[in-house]
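A.B. asks: Counting from 1 along the sequence shown, just add 3 to a position and that's the residue number in our numbering.
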Amino acid sequence: MKPIINHMIIDDELLNNKNYTGMEAYGDHIARLDNSEKEQLPEVRLLSYYTGLLNIAALRTGGISGRVLELGSGMGCFASILSRNLKIEELKVIEYSRSLLDKAFPAMFKFLKMKHNDMNVTLISRIHGSYNDIKLEDCTMDFVIANHSLHHSYNVRKTISEAFRVLKPGGYMIVLERVLGNDMSDEEIILKGETELGVRHKTRYGVPLEKDLTSRDMGEHYWREKEWIEFLVSKGFCLVNIIKTRKFRNRYIHALYRRWSKFVYNDYILKSFLIMQKRITLYRYFTNVKKGITVFVLRKPL
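(1) Please report the Cβ distance between H131 and R101, rounded to the nearest whole angstrom; I am assuming they are in contact, meaning their Cβ atoms lie under 8 angstroms.
(2) Is the beta carbon of I84 sitting closer than 9 angstroms to the one on V71?
(3) Could you tell me which residues DSSP puts in a beta bridge with N9?
(4) Could you check how far apart the C-beta atoms of R181 and H151 are, in whole angstroms? I think they sit under 8 angstroms.
(5) Would you say M4 and I127 are within 9 angstroms of each other, going by their C-beta atoms?
(6) Is the beta carbon of L139 closer than 9 angstroms to that of K303?
(7) Could you give the distance in angstroms between the alpha-carbon of A1 and the alpha-carbon of K214?
(8) Taking all protein chains shown into account, decide if F266 is buried (16 or more other Cβ within 10 angstroms of its Cβ) or exposed.
(9) Kindly provide the ranges of any alpha helix (DSSP H) runs that are 4 or more residues long and lie completely inside the region 158–225, ordered along the chain.
(10) Can you tell me whether E93 is helix, strand or coil according to DSSP?
(11) Is it buried or exposed for C241, if we count other Cβ within 10 angstroms and need 16 for buried?
(12) What three-state label does DSSP hand D136 in the structure shown?
(13) State the DSSP-derived secondary structure class of I67, mapped to helix, strand or coil.
(14) So for P304, helix, strand or coil by DSSP?
(15) What is the rounded straight-line gap between the Cα of E228 and the Cα of V243?
(16) If G222 sits next to K106, beta carbons under 8 angstroms apart, how far is it from one beta carbon to the other, in whole angstroms?
(17) Are there 16 or more other CB atoms within 10 angstroms of the CB of V178, so buried, or fewer, so exposed?
(18) What whole-angstrom Cβ distance do R78 and F108 have, given they're in contact under 8 angstroms?
(19) Under the three-state reduction of DSSP, which class applies to T143: helix, strand or coil?
(20) How many Å lie between D37 and M111 at the Cα?
(21) If the criterion is Cβ atoms closer than 9 angstroms, does the pair V47 and L94 meet it?
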């Protein structure tokens with residue numbers, strides 16, 4: 004695995020908050036897990052689901068290829084799967100947590116390689132830095148991908164502006180994000196960020212159960228769909244497509260669908276169905292309209 008490239012400024016404000024401390028502890032925690040425990044991580048359990056969504060989005064771009072930049076790589080699960088793509092010439096990943104890059108990334112790559120032996124570690128360059136200050140030249144990347152990372156940005160407009168800058172004219176940005184419904188009030192959003200996280204989340208992050216922990220402490224921010232769209236197009240991007248998914252109200256049905264979906268995503272009819280954004284009336288009744296993942300496909304004008 005290539006050495007980590009250091010682009011992080013020592014006195015960056017991101018290195019002095021609860022979010023950074025939590026992510027550093029999380030990286031240490033991940034590195035200590037055995038394979039059975041790694042298998043239960045949400046990043047692993049949902050990997051095929053997110054990969055399926057990315058493949059659907061990629062249909063509108065002609066396929067992911069060339070030089071690719073991933074913003075907020077975390078423990079590297081998504082990057083590991085991307086490295087299997089033979090059309091990608093270079094894959095740069097940027098992450099501000101040194102522990103995630105240095106400890107969790109190699110551990111997860113080794114774990115996932117047992118399942119996918121065609122992963123190419125030589126393709127990946129790990130960058131320790133901030134995606135609000137990407138130290139890459141203008142117009143050098145063909146694709147920028149952000150999988151559940153932009154909601155961690157403390158200045159999302161700046162993050163999107165940086166992504167726009169490093170993309171070549173005609174290049175694409177694909178964003179997978181949690182998006183709130185436009186009907187959610189400001190009070191509901193504030194309460195969502197300040198609600199104490201439960202045992203499951205604390206265990207996941209390796210945080211002592213007696214310690215207070217909210218999603219705000221982990222650097223998470225919440226925005227409605229209309230706000231996301233405004234953020235994304237305000238810096239010059241053209242919105243090519245929006246792919247919406249919704250979580251079933253019954254968690255058992257949702258778990259079954261999530262397991263089933265990794266096979267269904269190989270079906271061209273379903274891909275076309277989702278891309279055309281057709282709706283089924285029953286789908287509205289059986290799903291939770293406030294919970295879901297939205298994929299934005301953006302293009303930098305020529």
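Even glycine gets a Cβ: it sits at the ideal position worked out from N, Cα and C. Computed from a predicted model, the values in this text were never measured in an experiment.
C.D. replies: Taking the definition as stated:
(1) At roughly 5 angstroms, the Cβ-Cβ gap stays under 8 angstroms, so H131 and R101 are in contact.
(2) No, they are not a contact pair.
(3) Residue pairing by DSSP places N9 opposite H131 in a beta bridge.
(4) Rounded, the Cβ-Cβ distance is 7 angstroms, consistent with contact.
(5) Closer than 9 angstroms, so yes.
(6) In this structure, L139 does not lie closer than 9 angstroms to K303 by Cβ.
(7) Any answer about residue 1 is impossible in this case: the structure gives the chain only from 4 up to 305.
(8) Note that F266 scores 46 on pLDDT, short of 50, meaning its location in the model is unreliable and no value can be drawn from it.
(9) For the region 158–225, the continuous alpha helix (DSSP H) assignments of 4+ residues that do not extend past its boundaries occur at 159–169, 189–197, 202–208, in sequence order.
(10) Here E93 carries a strand assignment [DSSP, helix/strand/coil].
(11) Exposed: under 16 other Cβ atoms inside 10 Å.
(12) If DSSP states are grouped into helix, strand and coil, D136 belongs with coil.
(13) In this structure, I67 counts as coil in the three-state DSSP scheme.
(14) DSSP places P304 in coil when its eight states are reduced to three.
(15) Rounded to the nearest angstrom, the gap between the Cα atoms of E228 and V243 is 15 angstroms.
(16) Actually they are not in contact, since the Cβ atoms of G222 and K106 sit about 19 angstroms apart, beyond 8 angstroms.
(17) Flag for V178 reads buried.
(18) A quick correction: the sequence has Met, not Arg, at residue 78. Between M78 and F108 the beta-carbon gap is near 6 angstroms, inside 8 angstroms, which marks them as a contact.
(19) DSSP, reduced to helix, strand and coil, places T143 outside both helices and strands of the structure shown, so it counts as coil.
(20) Distance between the alpha carbons of D37 and M111 is about 10 angstroms.
(21) In this structure, L94 does not lie closer than 9 angstroms to V47 by Cβ.
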